[in-house]
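What follows is one structure encoded as structure tokens, with my remarks underneath.
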Amino acid sequence: MNKIRHCDERDTSSKGHSLFRLLAVTAMAMAMTGCGQLGQLLSNPQVSDADNDQVIFLGDSIFALSGKIQDELEAKAGETFRRYTVSGAELTGGFLAPSVVEQFATAQEDNPDIRTMVGNGGGNDILIPAIALDPYNCKTQWYQFGRLSSKCKDLIDDLYVDGVNYLNELSDAGVENGVLVGYYYTKNGLFRLKSMKQAVDYGNKILARACEYSTLDCTFVDPRQVVTESDIIFDGIHPADSGSQKIAELIWPKLQPLL
Numbered sequence: 013m014n015k016i017r018h019c020d021e022r023d024t025s026s027k028g029h030s031l032f033r034l035l036a037v038t039a040m041a042m043a044m045t046g047c048g049q050l051g052q053l054l055s056n057p058q059v060s061d062a063d064n065d066q067v068i069f070l071g072d073s074i075f076a077l078s079g080k081i082q083d084e085l086e087a088k089a090g091e092t093f094r095r096y097t098v099s100g101a102e103l104t105g106g107f108l109a110p111s112v113v114e115q116f117a118t119a120q121e122d123n124p125d126i127r128t129m130v131g132n133g134g135g136n137d138i139l140i141p142a143i144a145l146d147p148y149n150c151k152t153q154w155y156q157f158g159r160l161s162s163k164c165k166d167l168i169d170d171l172y173v174d175g176v177n178y179l180n181e182l183s184d185a186g187v188e189n190g191v192l193v194g195y196y197y198t199k200n201g202l203f204r205l206k207s208m209k210q211a212v213d214y215g216n217k218i219l220a221r222a223c224e225y226s227t228l229d230c231t232f233v234d235p236r237q238v239v240t241e242s243d244i245i246f247d248g249i250h251p252a253d254s255g256s257q258k259i260a261e262l263i264w265p266k267l268q269p270l271l
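Counting from 13, one number per residue, gives the positions in the sequence shown under this note's numbering.
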């Protein structure tokens with residue numbers, strides 16, 4: 013006769029705490045990456061009509077959370093640009109926030125006369141799963157001896173295809189230039205993300221390759237050697253004002269000749 017195991021109070025309590033931790037981590041991940049309705053609330057306001065409507069910003073919360081990168085660049089240029097970045101945005105797809113591809117579609121609807129795109133994409137496609145449960149093993153643990161998992165590489169390789177398709181779509185729509193910004197190293201803060209270093213390295217390599225091999229006249233900007241831990245806020249992800257200023261300084265020499 014099969015026996016039915018009855019859970020005692022200790023088992024129930026343990027499972028309850030485990031479920032609570034999972035829900036808490038997922039909720040914090042959604043909040044700090046700006047997912048769901050918070051994506052819009054944790055983003056600087058969209059700007060659909062600016063001094064220079066031919067320049068648009070597309071991307072995720074690195075740009076969208078504070079808007080300081082755009083502020084710095086607009087101050088240097090002496091004019092404003094259109095902004096469509098949304099916190100929590102993935103490169104393509106995703107149901108928690110408008111993707112970068114969807115942001116471009118919105119920009120086209122507002123005004124299809126677009127010459128230059130500045131922005132990023134792909135970071136949340138890796139980061140959100142890593143914060144929640146890390147199903148792709150994109151956090152490199154000590155016993156991996158600095159080797160990124162094949163599952164994480166496969167995930168990022170898929171982003172290469174999405175990235176090329178996205179940049180080609182811009183080119184097909186008449187956009188002439190793109191300034192694609194890569195990602196810096198995250199740190200241990202509210203989330204323990206220092207172990208994402210190898211994923212960031214591989215991700216930037218793939219994004220740079222997508223920029224190079226797309227039909228868009230695209231320039232890749234790599235902030236890894238410039239943005240330090242002191243330039244990142246308490247969550248371990250987003251740039252402080254100093255980090256935003258450094259990223260803007262990297263972008264400006266690429267953007268200025270295109271204005």
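The beta carbon of each residue, even a glycine, is placed where N, CA and C say it ideally should be. Bear in mind the structure is a predicted one, so any value in this text is a computation, not a measurement.
Quiz prompt | Own chain, CB closer than 6 Å to Glu261, minus 5 neighbours either side, in chain order | solution = There are no such residues.
Quiz item: Assuming Gly3 contacts Ser73 under a Cβ cut-off of 8 Å, what Cβ separation, rounded to an integer in Å, is found between them?
Solution: Because the chain here runs from 13 to 271, residue 3 falls outside it and cannot be looked at.
Self-check item: Rounded C-alpha distance that separates Glu114 from Thr104
Solution: Separation of Glu114 and Thr104 (C-alpha to C-alpha, rounded to the nearest whole angstrom) is 8 Å.
Quiz prompt | Spatial distance of Ile259 from Ser78 (CA atoms) | solution = A straight line joining the alpha-carbon of Ile259 with that of Ser78 spans about 13 Å.
Exercise. Can you check the region 91–161 for any beta strand (DSSP E) of at least 3 residues that lies completely inside it and give the ranges in chain order?
Key: As summarised for the region 91–161, the continuous beta strand (DSSP E) elements at least 3 residues long and confined to that stretch are 93–95, 128–131, given in chain order.
Quiz item: For Asp243 versus Ser254, is the C-beta distance shorter than 7 Å?
Solution: Yes, the pair counts as a contact, with Cβ atoms nearer than the cut-off.
Quiz item: Could you check where the beta strand (DSSP E) with Asp65 kicks off and where it finishes?
Solution: For Asp65, the enclosing beta strand (DSSP E) has its first and last residue at 64–70.
Quiz item: Taking just the CA atoms, how far does Gln66 sit from Tyr195?
Solution: Each residue's alpha carbon lies about 25 Å from the other.
Quiz prompt | Segment limits, beta strand (DSSP E) that includes Phe232 | solution = Element bounds for Phe232: 229–233.
Exercise. For the alpha helix (DSSP H) holding Leu219, just list the boundary residues, first then last.
Key: In the DSSP assignment, Leu219 falls within the alpha helix (DSSP H) that extends over 209–225.
Quiz item: From Val212, Arg204, Val191, Gln153, pick the residue whose C-alpha is nearest to that of Lys165; which is it?
Solution: Closest by alpha carbon: Val212.
Exercise. Name, in chain order, the residues that DSSP records as bridge partners for Gly190.
Key: Met129, Cys230.
Practice problem: To the nearest angstrom, report how far apart Ile81 and Lys217 are at their CA atoms. | Solution: Approximately 23 Å between the Cα atoms of the pair.
Quiz item: Sorted by chain position, which residues of the same chain lie with C-beta nearer than 8 Å to Phe157's C-beta, five sequence neighbours on each side aside?
Solution: Excluding sequence positions up to five before and after Phe157, its CB lies less than 8 Å from no other CB in the same chain.
Self-check item: Cys150 and Gly190 closer than 7 Å at C-beta
Solution: Result no, Cβ atoms of Cys150 and Gly190 do not sit closer than 7 Å.
Practice problem: With DSSP as the reference, label Ile74 as helix, strand or coil. | Solution: Three-state DSSP puts Ile74 in a helix.
Quiz prompt | Sub-7 Å separation of Asp274 and Thr97 beta-carbons | solution = Since the first residue shown for the chain is 13 and the last is 271, residue 274 is missing from the structure and cannot be characterised.
Exercise. Can you say whether Ser256 is buried or exposed, counting buried as having 16 or more other CB atoms within 10 angstroms of its CB?
Key: Classification of Ser256: buried, given that the 10 Å Cβ count is 16 or more.
Practice problem: Please list, in chain order, all residues of the same chain as Gln210 whose beta carbon is under 7 Å from its beta carbon, the five residues on each side excluded. | Solution: Listed in chain order, the non-local C-beta contacts of Gln210 below 7 Å within the same chain comprise Thr152, Gly158, Leu160, local neighbours out to five positions each way being set aside.
Self-check item: Presumed contact (8 Å Cβ cut-off) between Arg221 and Tyr172, rounded CB distance
Solution: Rounded to the nearest angstrom, the Cβ distance from Arg221 to Tyr172 is 6 Å, consistent with a contact under 8 Å.
Quiz item: When the Cα of Leu192 is compared with those of Asp137, Leu202, Leu267, which residue comes out closest?
Solution: For Leu192, the closest alpha carbon among the candidates Asp137, Leu202, Leu267 is that of Leu267.
Quiz item: Of all the options Pro269, Gly175, Ser207, Thr198, which has the alpha carbon lying nearest to the alpha carbon of Thr227?
Solution: The shortest C-alpha separation from Thr227 is found at Gly175.
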